[in-house]
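Please read the structure below before turning to the comments.
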Amino acid sequence: MGRLRTGYSFVLFLFLYFRSGAIRKALQQESKAQAESVSEVEHAVMNFRLISDYSKRSAVVEAFESNVVNFRGAARAVGQLLFNNQFFCKWLSQLLIVFWIGFGGMHVISGELSLGLFLCDIQIFQTMEEITEQVYTMIVKLETIEPALMRVVVLLNLPTDLHHRKNLQDRLRETTAYMRERVEKKRADDVRMDLLPITLQSLSLTYVAQSLRDGSARCDSTTHLFKGLLSIEQGTMVILIGQTNGGKASRLRALGGAILPDNLESIFIPSHLRVLHIDSEPMFSRGSLFDNLTFGVKANDPDASEDRIFQICSMLEIPETVMELVRTKTLLDWGRVLSFSEKQKISLARAVIANPDVLIIHRPFIALDQRSADNVGKMLKEFVTNRGVIQDEASFRQRRPRTCILSTMIPYNLEAADKIYRVTTHGADEVSAKEAEDTLKQAHVFEGHSFLA
1 MGRLRTGYSF VLFLFLYFRS GAIRKALQQE SKAQAESVSE VEHAVMNFRL
51 ISDYSKRSAV VEAFESNVVN FRGAARAVGQ LLFNNQFFCK WLSQLLIVFW
101 IGFGGMHVIS GELSLGLFLC DIQIFQTMEE ITEQVYTMIV KLETIEPALM
151 RVVVLLNLPT DLHHRKNLQD RLRETTAYMR ERVEKKRADD VRMDLLPITL
201 QSLSLTYVAQ SLRDGSARCD STTHLFKGLL SIEQGTMVIL IGQTNGGKAS
251 RLRALGGAIL PDNLESIFIP SHLRVLHIDS EPMFSRGSLF DNLTFGVKAN
301 DPDASEDRIF QICSMLEIPE TVMELVRTKT LLDWGRVLSF SEKQKISLAR
351 AVIANPDVLI IHRPFIALDQ RSADNVGKML KEFVTNRGVI QDEASFRQRR
401 PRTCILSTMI PYNLEAADKI YRVTTHGADE VSAKEAEDTL KQAHVFEGHS
451 FLA
């Protein structure tokens with residue numbers, strides 16, 4: 001009897017051992033097909049406007065249907081496999097009972113085994129069958145969640161920029177303290193932190209794309225080097241011009257902290273300054289337009305007062321129809337409701353309302369007419385000159401200098417800049433407003449440009 005129970009357990013173990021590979025493979029295929037179906041839906045939702053404009057709905061539907069068919073086939077294969085496996089325990093138990101009835105019955109007839117023990121052994125085999133089914137069900141549940149669990153584990157352990165960002169902040173604090181000491185030695189009676197410049201030189205950036213394929217993480221990367229020196233004094237307005245792919249956006253993103261440099265020493269922004277980075281594509285959070293305009297300030301902050309917000313919107317000449325939406329605090333999908341120029345103005349107003357120490361903006365004049373661009377230029381100049389827009393004049397000296405760094409491909413408001421840099425991947429030249437205007441109007445933007453090593 002003991003040998004039978006041992007043999008039963010051994011056979012069951014062998015079955016689960018050799019069957020687990022097929023189960024795991026089927027579950028992984030099902031999980032992969034499911035992930036591809038979800039990814040296709042996400043792609044369709046995120047890129048609906050593009051798909052609709054290019055009349056690609058049928059192609060997207062066909063791709064989704066193909067993924068659904070694959071998922072259904074994979075799910076069916078898993079179901080069949082698990083369903084068949086459930087009967088193995090019953091088959092094995094029934095086979096063992098049949099064998100024991102024949103073998104044990106002979107011992108009962110010969111008197112070597114009592115009828116009570118014989119019936120008790122049969123009951124034990126039935127109990128073993130029930131327990132085995134319960135154990136197998138638990139194992140199947142664990143194996144069922146394993147692909148999803150492995151996917152989550154891999155995703156949670158993908159590399160992040162946390163340590164790199166911490167190292168950059170530590171270096172900025174150390175450099176700020178060092179430069180403060182130098183200022184103290186030169187001007188012990190007038191230690192002004194606004195004398196510390198913002199610098200960017202010999203920038204090296206690595207763009208990394210992380211993805212999950214076949215259950216394993218994959219990282220693709222490319223590195224770009226941008227030579228030259230940018231030295232920006234606090235309390236100034238600086239414009240970057242240059243041809244496309246010349247490094248304007250990369251330099252601004254590095255200064256704004258959107259991407260981190262490989263060489264930490266290439267960037268210096270005094271660590272006490274609050275930097276706000278505004279990309280060229282306006283973004284909106286869920287909520288009313290008023291909530292979006294006050295996104296960067298606290299509710300009880302004087303900068304969040306309605307009078308100030310409406311004055312800034314008035315400076316930008318935001319249409320009255322949009323202002324009515326701001327007042328009523330209506331909830332809509334702003335990315336679809338507003339025109340691009342309206343979204344651009346709301347994004348710029350939100351940035352100025354937030355009142356940062358350093359404001360970095362990608363192409364603020366894009367999609368704006370001359371009048372609107374002039375309004376933006378005047379507001380940004382006031383932001384720098386008055387250390388904020390719509391601020392108390394009495395607290396001017398207590399406020400930190402305001403710095404604005406922007407890029408443009410349009411010859412608007414060049415005269416308002418304190419400095420203009422013409423940049424390429426090979427260097428950065430300081431040019432006058434007239435040179436910048438001529439450069440932006442040229443068909444060949446950098447003909448005759450002197451590259452810097």
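Residue 453, in full-length UniProt numbering, is where the sequence shown stops; the numbers in between run on with no holes. Glycine is no exception: its CB is placed at the ideal position from the N, C-alpha and C atoms.
Query: Within 9 Å, strictly: CB atoms of residue 277 and residue 251; Result: no
Query: Where residue 90 falls, given that 16 or more other Cβ within 10 Å makes a residue buried; Result: exposed
Query: Where residue 262 falls, given that 16 or more other Cβ within 10 Å makes a residue buried; Result: exposed
Query: Member of 196, 80, 23 whose CA lies at the smallest distance from the CA of residue 235; Result: 196
Query: Cβ distance (whole Å) where residue 454 is taken to contact residue 143 below 8 Å; Result: Because the chain here runs from 1 to 453, residue 454 falls outside it and cannot be looked at.
Query: CA-to-CA distance, residue 302 to residue 326, given in whole angstroms; Result: 18 Å
Query: Every unbroken beta strand (DSSP E) inside the stretch 57-86 [3 residues or more]; Result: none
Query: Residue range of the unbroken alpha helix (DSSP H) whose run includes residue 297; Result: Where residue 297 is concerned, there is no enclosing alpha helix (DSSP H), given that its DSSP letter is neither H nor E.
Query: Residue 334 and residue 300 closer than 9 Å at C-beta; Result: no
Query: Per DSSP, the bridge partner or partners of residue 231; Result: 199
Query: Exposure of residue 294, with buried meaning 16 or more beta-carbon neighbours within 10 Å; Result: buried
Query: DSSP bridge partner residues for residue 226 (one or two, in chain order); Result: 203
Query: Residues near residue 345 in its chain [Cβ-Cβ closer than 6 Å; skip 5 each side]; Result: 316, 318
Query: Supposed close pair residue 391, residue 397 - CB separation, criterion 8 Å; Result: Not confirmed; about 12 Å, so no contact.
Query: Residue-chain proximity (residue 276, chain B), Cβ-Cβ < 9 Å; Result: Among the protein chains of the structure shown there is no chain B, as only one such chain exists.
Query: Simplified DSSP state of residue 428, which is helix, strand or coil; Result: strand
Query: In DSSP terms, what residue 405 is bridged to; Result: 238, 360
Query: Residue burial classification, residue 248 (beta-carbon count within 10 angstroms, cutoff 16); Result: buried
Query: Buried or exposed by the 16-neighbour rule on C-beta atoms within 10 Å, applied to residue 241; Result: buried
Query: With 16 other Cβ atoms within 10 Å as the buried cut-off, status of residue 65; Result: exposed
Query: Beta-bridge pairing of residue 410 - partner residues as DSSP gives them; Result: DSSP output for residue 410 lists no bridge partner at all.
Query: Which of helix, strand or coil DSSP assigns to residue 282; Result: coil
Query: Among 42, 52, 70, 40, the one whose alpha carbon lies nearest that of residue 26; Result: 70
Query: DSSP bridge partner residues for residue 420 (one or two, in chain order); Result: 239, 431
Query: Minimum length 4: unbroken alpha helix (DSSP H) runs contained in the stretch 309-349; Result: 320-328, 334-337
Query: With 16 other Cβ atoms within 10 Å as the buried cut-off, status of residue 161; Result: exposed
Query: Of the residues 126, 28, 68, 403, the one placed nearest residue 147, counting alpha carbons only; Result: 28
Query: Residues near residue 425 in its chain [Cβ-Cβ closer than 8 Å; skip 5 each side]; Result: 224, 225, 226, 227, 245, 246, 247
Query: Burial state of residue 436, where buried means 16 or more other Cβ atoms lie within 10 Å; Result: buried
Query: Assigned secondary structure, residue 139 (DSSP; H/G/I helix, E/B strand, else coil); Result: helix
Query: Burial state of residue 364, where buried means 16 or more other Cβ atoms lie within 10 Å; Result: buried
Query: Reduced DSSP category for residue 48 - H, G, I as helix; E, B as strand; rest coil; Result: helix
Query: Spatial neighbours of residue 74 in its chain, beta-carbon cut-off 6 Å, leaving aside the 5 residues before and after; Result: 29, 30, 33
Query: Candidates 103, 199, 164: closest to residue 403 by CA position; Result: 199
Query: Among 324, 59, 257, nearest to residue 290 - alpha-carbon criterion; Result: 324
Query: Residue from 125, 94, 374, 271 with nearest C-alpha to residue 168; Result: 271
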